[in-house]
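Just so you know, the protein sequences line up as chains W and S, in that order.
Start counting the first sequence at 955; every next residue gets the next number (the numbering used here).
Start counting the second sequence at 2; every next residue gets the next number (the numbering used here).
Note that the Cβ used here is the ideal one computed from N, Cα and C, for glycine as well.
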Amino acid sequence: MDALLSVAGLRKSYGPVEVLKGIDFSVKAGEKIALIGPSGSGKSTCLRCMNFLETPTAGEIRLDGERIGMRDGRLMSDRQLAPQRAEMGMVFQLFNLWPHLSVAENVAIAVRKVRGLPAKEARDLALEMLAKVHMAHRANASPLELSGGQQQRVAIARALAQKPKLMLFDEPTSALDPELVREVLTVIEELADEGRTMLLVTHEIAFARDVADRVMFLDGGVIVEEGPASAVINTPREERTRSFLKQIRH
Amino acid sequence: MTGFLQPYVEYGSEWWPLLAEAMLNTALLTIAGFALSVVFGLALLLCQTSSSKALRGFATVYVTTLRGVPLLAILFLLYFGLPGVGITFDALTAAVLGLSLCFAAQVSELFRAGLKAIPKGQREAAMAVGFTPVQSFTFIILPQVVRVILSPMIVTFVSLLKDSSLASLITVNELVLTGRAMATEYFLPLQIYVAVGLCYFMIGWPFSILSRRLAAPAAR
């Protein structure tokens, strides 16, 4: 089967600092991949390159065969990128809900304005997505009234409402109080069970092992090790992976 | 005290229509001036955030210059100066233009501060769901900016209201000029200027209250 997402030779520099030094991987439809690695390893940057929130310095990203961010050898503008970005749902570390809109409207607005559904259908879809993340009962609340875990679940519903081909999670639980992490992980697990394609940057190693099909360990801007989740996490081959996992566990 | 109030009883019915008309002119001047400053202010903001160096340079020079020149000098320049090069405005137009050119600089700075107050993640999330830059500005950024700057914006509005009195010096028949004419006619400058002051207060006070009301939730 062809890859849904393929990344080849991905590089990213900030001035003289090269954060990604040539990343290659591919994700099949329905596959869940966890990106782990020490902070500063480039894993978040890598994820943000997928939908061009960061513009790669070099390399090629294809979603369903379509080249992302480049057309006829030229970088696409944000306006041109919009439809491509809509194909990928993204969940941020800091939720980034829009505080001036209600919970339901946070989910529904893009459904109307981007996908062009009528207001009623968009609202119904929003409620359906909110139900998926167990937040339908707060549809009319303001995001400011919600706990971090609840906000993140709404953010997940917002991304789901795009009907994306691929879900991107950028450390979705890193900004949460410890007691709120579980509810968000549970929701992500449920999505994983639905057979969605997911790329997940996380510090939750146990979670990565349980949910992901494959794990990629990034360090210093390169993929140091990758393989089946349990193999990489339980019996890492590389010394760098071993020392990272050891640090994280203690 | 009775002596002070006596003229109001005596001439009130004559003064009120004059002052009411002048208030209307002041209100017109203020509202038109403010509306145009918002338009100019947004245009300036676009220049400031533009990728063109020339436009950014223009905006910087504009803001710095207009902040350094008194409004009265600008009004004189527009009304008395420009006819020298063949550009003539009637007094009201010159006043509206002068006020808005001056206040545009303030308004654009307000917008800029408001934009800065919106976290970067807000726009990123908008991009991520597939909004174009125009959509993300319209649906996500602008509504939040407006909330942030509404209260200081009203303060600016009230200060424009007060500064509109300078238009009297280029013959706009607003409150101060009307007051001056009345003071000459009735020889009662104390009572008349107090009445003029009250008129300004009647227009401005509700907005001051509104501004404080709007600012309160943010301060909590």
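Please state if the CB of residue j and the CB of residue i are separated by a distance shorter than 8 Å.
| i | j | result |
| --- | --- | --- |
| W/Lys966 | W/Ala1166 | no |
| W/Leu1048 | W/Lys1119 | no |
| W/Asp1173 | W/Phe1198 | yes |
| S/Ser109 | S/Leu46 | yes |
| W/Gly996 | W/Leu1029 | no |
| S/Ala168 | S/Leu30 | yes |
| S/Thr66 | S/Glu175 | no |
| S/Ile171 | S/Ala92 | yes |
| W/Val1068 | S/Gly131 | yes |
| W/Val1108 | W/Met1089 | yes |
| W/Val1087 | W/Ile1110 | yes |
Can you tell me where the beta strand (DSSP E) with residue i in it begins and where it stops?
| i | result |
| --- | --- |
| W/Arg1092 | From DSSP, W/Arg1092 is part of no beta strand (DSSP E); its letter is neither H nor E. |
| W/Gly1013 | 1012-1017 |
| W/Leu912 | Outside the displayed span of chain W (955 to 1204) sits residue 912 of chain W, for which this structure offers no information. |
| W/Phe979 | 971-982 |
| W/Pro1037 | First-last for W/Pro1037: 1032-1040, but that is the alpha helix (DSSP H), not the beta strand (DSSP E). |
| S/Val86 | S/Val86 -> no beta strand (DSSP E), and no H or E assigned at all. |
Please report the straight-line C-alpha distance between residue i and residue j, rounded to a whole angstrom.
| i | j | result |
| --- | --- | --- |
| S/Phe202 | S/Phe112 | 27 Å |
| S/Met128 | W/Ala1036 | 7 Å |
| W/Ala962 | W/Pro1010 | 11 Å |
| W/Asn1060 | W/Leu1051 | 7 Å |
| S/Pro120 | S/Phe77 | 43 Å |
| S/Gln136 | S/Val40 | 20 Å |
| W/Gln1004 | W/Arg1039 | It is worth fixing the name first, because residue 1004 of chain W is Met in this sequence and not Gln. Taking the straight line from one Cα to the other gives about 9 Å. |
| W/Ser993 | W/Ile977 | 17 Å |
| W/Ser1205 | W/Met1042 | Residue 1205 of chain W is absent from the model: chain W starts at 955 and stops at 1204. |
| W/Ile1022 | W/Leu1084 | 29 Å |
| S/Leu20 | W/Ala1113 | 59 Å |
| W/Gly991 | W/His1157 | 8 Å |
| S/Pro8 | S/Phe188 | 11 Å |
| W/Ser1031 | W/Met1044 | 19 Å |
| S/Ala219 | S/Arg124 | Here S/Ala219 scores only 49 on pLDDT, less than 50, and its place in the model should not be relied on; the value that follows carries that caveat. So the two alpha carbons sit approximately 22 Å from each other. |
| S/Arg221 | S/Phe140 | Its pLDDT being 39, under 50, S/Arg221 is placed unreliably in this model, and the value from its coordinates should be taken loosely. For S/Arg221 and S/Phe140, the distance between alpha carbons rounds to 26 Å. |
| W/Ala1146 | S/Pro144 | 35 Å |
Going by DSSP, what residue range makes up the alpha helix (DSSP H) through residue i?
| i | result |
| --- | --- |
| S/Ile150 | 143-164 |
| S/Arg68 | 54-69 |
| S/Phe5 | 3-49 |
| S/Gly99 | 92-117 |
| W/Asp1147 | 1132-1147 |
| W/Ser1197 | 1193-1203 |
| W/Asp1167 | No alpha helix (DSSP H) contains W/Asp1167, which DSSP labels as neither H nor E. |
Open item on the list: Against chain W, which members of the stretch 119-134 of chain S pass a CB distance test of less than 7 Å?
Closed with: Gly122, Gln123, Glu125, Ala126, Met128, Ala129, Val130, Gly131, Phe132, Thr133, Pro134
Task: Touching by the beta-carbon criterion (3+ pairs, under 8 Å), the stretch 1127-1140 of chain W and the stretch 1071-1083 of chain W - done: no
Task: Validate contact between the stretch 1175-1185 of chain W and the stretch 1109-1125 of chain W using beta carbons, cut 8 Å, 3 pairs - done: no
Task: Interface residues of the stretch 134-157 of chain S facing chain W [CB-CB below 8 Å] - done: Pro134, Val135, Gln136, Phe140, Ile141, Pro144, Gln145, Arg148
Open item on the list: Taking beta-carbon pairs under 7 Å, can you tell me which members of the stretch 1080-1110 of chain W lie near chain S?
Closed with: If you check each beta-carbon in the stretch 1080-1110 of chain W against every beta-carbon of chain S, none falls closer than 7 Å.
TODO: Please list the residues of the stretch 1020-1049 of chain W that have a C-beta atom closer than 7 Å to any C-beta atom in chain S, keeping them in chain order.
DONE: Cβ contacts with chain S: Asp1032, Arg1033, Ala1036, Pro1037, Arg1039, Ala1040, Met1044, Phe1046, Leu1048.
Open item on the list: Taking beta-carbon pairs under 9 Å, can you tell me which members of the stretch 1003-1018 of chain W lie near chain S?
Closed with: From the stretch 1003-1018 of chain W, only Asn1005, Phe1006, Leu1007 have a Cβ closer than 9 Å to chain S.
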